[in-house]
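Colleague: Structure incoming, see below.
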Amino acid sequence: MTDTRKSTHRRRLGAAATRLTAGRRRTFLDTLAAGLTVTQAADAAGVHRATPYRWREEDRTFAADWAQAERAGTDTLIGEARRRAVDGVDKGIYHSGKRVDSTRAYSDTLLMFLLRQRDPSFRERPPADTAGGTDTAIRRLNDDQLNARIAALLGGPESPDCLESPDCLESTDSLDGVNSLDDTPGGGSTKSGTD
Numbered sequence: 001m002t003d004t005r006k007s008t009h010r011r012r013l014g015a016a017a018t019r020l021t022a023g024r025r026r027t028f029l030d031t032l033a034a035g036l037t038v039t040q041a042a043d044a045a046g047v048h049r050a051t052p053y054r055w056r057e058e059d060r061t062f063a064a065d066w067a068q069a070e071r072a073g074t075d076t077l078i079g080e081a082r083r084r085a086v087d088g089v090d091k092g093i094y095h096s097g098k099r100v101d102s103t104r105a106y107s108d109t110l111l112m113f114l115l116r117q118r119d120p121s122f123r124e125r126p127p128a129d130t131a132g133g134t135d136t137a138i139r140r141l142n143d144d145q146l147n148a149r150i151a152a153l154l155g156g157p158e159s160p161d162c163l164e165s166p167d168c169l170e171s172t173d174s175l176d177g178v179n180s181l182d183d184t185p186g187g188g189s190t191k192s193g194t195d
């Protein structure tokens, strides 16, 4: 067989091996609905992982079934997360290589995930200082201003009134956007005042 004929023959075999049959379709979708990945579902169906994506582009019904299988798979995973978070999992206790007892382990991380999913009040909240409160103002102080505030707190030469006075924070207004970990927007460090 010539190289051209071999290539054509391989393409025909490859096309037949990746044709969307009822069996492959069901296996792929059932595996996906069980909460496994597209790659795992493709392996179960006996096709390359890119093949189901091609099937999805070519067949609207398959695309809709895929979306439904992914939703079912997500529900399966959420159910497993709930079981681990609420019911816990059995963890063996071993001594000298032998299982001597067991304990129930619960996942606080999974529990928080489930709470965030159901109740908006558990979702991520911005840090308190992002609203421009005192913490943000203190982070924006230059070294001299910060030293004056510390001295005032410790009863040093600066007036304690400085702690409450907006004048102490006046010059920080020009520092909007400054990274809270250092003094410059670019992440470097600068010194204020005279050197």
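Here the sequence shown stands for residues 1 to 195, where the numbers follow the UniProt record's numbering.
For every residue, glycine included, the Cβ atom is placed at its ideal position computed from N, Cα and C.
Quick caveat: nothing in here was measured; it's all calculated off a predicted structure.
#1: May I ask you to list the residues that DSSP assigns as paired with His95?
#2: Taking the alpha-carbon positions, what's the Leu115 to Leu154 distance?
#3: Please report the straight-line C-alpha distance between Asp143 and Asp75, rounded to a whole angstrom.
#4: From Arg140 to Phe122, what does the alpha carbon distance come to, in whole angstroms?
#5: With distance defined between alpha-carbon atoms, name the residue in Leu29, Arg82, Arg56 and Tyr53 nearest to Thr109.
#6: Given Glu70, which residues of its chain have a CB within under 7 angstroms of its CB, disregarding the five upstream and five downstream residues?
#7: How about Phe62 and Ala45: are their beta carbons less than 8 angstroms apart?
#8: Report the three-state DSSP secondary structure of Val86 (helix, strand or coil).
#9: Let me know the secondary structure DSSP gives Ala72 once reduced to three states.
#10: From Arg84 to Gly92, what does the alpha carbon distance come to, in whole angstroms?
Modeller: So, from the listed chains and residues:
#1: Beta-bridge partners of His95 (DSSP): Lys98.
#2: 43 angstroms
#3: The alpha-carbon of Asp143 is positioned some 53 angstroms away from that of Asp75.
#4: 30 angstroms
#5: When each option's Cα is compared against that of Thr109, the closest is Arg82.
#6: Cβ neighbours of Glu70 beyond the five flanking positions: Leu32.
#7: no
#8: helix
#9: helix
#10: 15 angstroms
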